[in-house]
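So in this note's numbering, the last one in the sequence shown is 413, and the numbering has no gaps at all.
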Amino acid sequence: MRTDTVKLSRSPILGTNRGHTLLGYELCFAGDQTTSDNVANEVISRSLLTLGLGRIVGDARAFIRFEKEMVFDKSVLLLPAESVVMQLGPDCWRDTDIKELLPVCRDYRRDGYRMALDEFTLDTDIERLGPLLDLVSFVKMHLAEETEEHREQIAKILGPHFVHVIATQVNDETERDIARSAGVQYVQGYYFAKPSIVQGRDLPGFKVSYMSLLRASQNDEIDFRELADIIKHDVALSYKLLRYVNSSAVGLRGEVESVTQALALMGINQIRRWAIAATVTGLVGDRPDELARLCVVRARFCEAVADRKRPTMSHDSFTVGMFSLLDVMLGQPMEEALIDVPMSERARTALLTGEGPMAEINRLAIAYEQGEWEIVERICNQNGWDQDELLADYIDALEWSRGFFSGGEQDPA
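Shown next, in the form of structure tokens:
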């Protein structure tokens, strides 16, 4: 196995507004190099420039941590200003002479780059940092480490500098609510992917059509007339199908304008995959769209890994990845959430028990998305899998998922 493998994960930054608007993703990198400077150089030279920033974050912004050396040697200029937010670590904004840093940041600002102060705390010397705060767009704070008194003063202290606050390490809805009550505009973390069980909750009526679609598409013999009727009677499903079939993810020539035509042009396996993905995105409801994106990325990643390593499990692995957050979406225990969902018994077992090869692949997908590299290494070493191939699978999954979410809203901040 190669020793210069670079690992990449991305962490979503969402608005605290009702729409949970996507601001961007922090890109987190790790490598086998022994120094942070080597890792940083690898980020620029190999990861972002070789893989393509657009393939990783689409049209969203990429928040990337730059240490002092890279800020001063202008390495960031290799990346497009409109797509990048420079995160300045404490070695920049806290440990560097502010008079030395200001001219460099003014140059970046003039060139169109946005900046964020990472690991910011309210006990910082605000008077000293005032000129720098006037240049940056964001400050990132771990609110759990701030006193309640400090949290109440966020707007008073930072408001005059017109910076947006991003609360980091927000891992449950309680922490999200604390950030919202403090007037914080954005949160970073996987709070939205944690189950919140509501006893006695029934499936909302508008979601029943999605389960009908799922059942009709997963039959051994698909009745195309029945399937078309289900889709035609739901405006959202019709729109999703036509948007998908006309996207780059499918790659057809010419525009498809009817549901019947779309189904005729898609293969059975493609119809089944689309139906699963459409069902999951429809079940999200008032939760962040990022929840559905996670499912689609997991599904594609699981399918790709299984396709190469365990080909007979590729479709079921797609299903496991796609429904791995169904309990979160429905607010039900997984046992209840899966009752009416048609799938193979081995896929159901993987979701309910977390055991077996398909569950292991899904665990790999979760570890990859959250940057749990020790788990990635352990699974890869146990199975003899190449981590460079996994990186390619992950980037492909990120890119492929955009076929289901093209035209989504992005925060203009």
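Glycine included, every Cβ here is placed at the ideal spot set by N, Cα and C. If you're wondering where the values come from, they're calculated on a predicted model, not measured in any experiment.
Note on geometry: alpha-carbon atoms of Met343 and Arg110 lie some 55 angstroms from one another. In the assembly as shown, Lys156 is an exposed residue. Its beta-carbon has fewer than 16 other beta-carbons within 10 Å. Selection Val341, Trp373, Phe29, Val85 evaluated against Gln218 yields Val341 as nearest (Cα-Cα). Under the 8 angstroms Cβ criterion, the region 349-359 counts as touching the region 320-337, having at least three qualifying pairs.
Listed in chain order, the non-local C-beta contacts of Ala81 below 7 angstroms within the same chain comprise Asp111, Gly112, Tyr113, local neighbours out to five positions each way being set aside.
Here Gln185 is buried. Its C-beta has 16 or more other C-beta atoms within 10 Å. Val235 and Thr312 have their alpha carbons spaced roughly 35 angstroms apart. Ala277 places its beta carbon 7 angstroms or farther from that of Thr319.
Distance from Val376 to Met322 at the Cβ level is roughly 21 angstroms; contact not present, criterion being Cβ atoms closer than 8 angstroms. In the structure shown, Ala182 adopts coil according to DSSP, grouped into three states. Secondary structure note for Arg378: its alpha helix (DSSP H) is the uninterrupted segment 373-383.
Apart from sequence neighbours up to five positions away, the residues of its chain that approach Arg402 with a beta-carbon distance below 6 angstroms are Gly58, ordered along the chain. Membership of Val320 in the alpha helix (DSSP H) is indicated by the continuous run 314-322. With respect to the C-alpha of Leu283, the residue from Met266, Arg300, Leu330 having the closest C-alpha is Leu330. Around the beta carbon of Ala264, a 10 Å sphere encloses fewer than 16 other beta carbons of the protein chains shown; the residue is thus reported as exposed. Pairing Ala30 with Trp373 gives a Cβ-Cβ distance under 7 angstroms.
DSSP lists Tyr25 as the beta-bridge partner residues of Pro12.
In the DSSP assignment, Arg109 falls within the unbroken alpha helix (DSSP H) covering 98-110. The C-alpha of Leu213 lies about 39 angstroms from the C-alpha of Leu48. For the set Arg10, Glu399, Lys7, Leu78, the Cα lying nearest the Cα of Val250 is the one of Glu399.
DSSP assignment within the region 227-259 yields the following whole alpha helix (DSSP H) runs of 4 residues or more, N-terminal first: 235-245. Across the structure, Asn362 and Gln270 are spaced so that their CA atoms are roughly 21 angstroms apart.
Two segments are said to touch when three or more pairs of C-beta atoms, one from each, lie closer than 8 angstroms; by this definition the region 242-259 does not touch the region 300-307. Pairing Ala182 with Arg151 gives a Cβ-Cβ distance under 7 angstroms. Between the beta-carbon of Val259 and that of Lys232 there is about 5 angstroms, and that keeps the pair under the 8 angstroms contact cut. DSSP places His150 within a helical segment (H, G or I) once states are collapsed to three. Annotated three-state conformation of Phe66 is strand, per DSSP. Rounded to whole angstroms, the separation of the alpha carbons of Ser324 and Cys295 is 7 angstroms.
Close CB contacts of Gly89 within its chain, under the 8 angstroms cut and outside five residues either way in sequence, are with Arg65, Phe66, Glu67, Lys68, Asp118, Glu119 (chain order). Judged by DSSP in its simplified three-state form, Gln370 adopts coil rather than helix or strand.
A distance below 7 angstroms separates the beta carbons of Val328 and Pro195. In the displayed model, Ala60 falls within coil according to three-state DSSP, outside both helix and strand. In its chain, beyond the 5 residues on either side, Leu213, Leu214, Ser217 have a beta carbon closer than 7 angstroms to the beta carbon of Ala275. The beta carbon of Asp393 sits closer than 7 angstroms to the beta carbons of Phe301, Ala304, Val305 from its chain, once the five residues preceding and following it are set aside; these are given in chain order.
Apart from the 5 residues on each side of it in sequence, Arg128 sits with its Cβ closer than 7 angstroms to the Cβ of Ile98 in its chain, given in chain order. Straight through space, the alpha carbons of Leu79 and Glu369 are spaced by roughly 23 angstroms.
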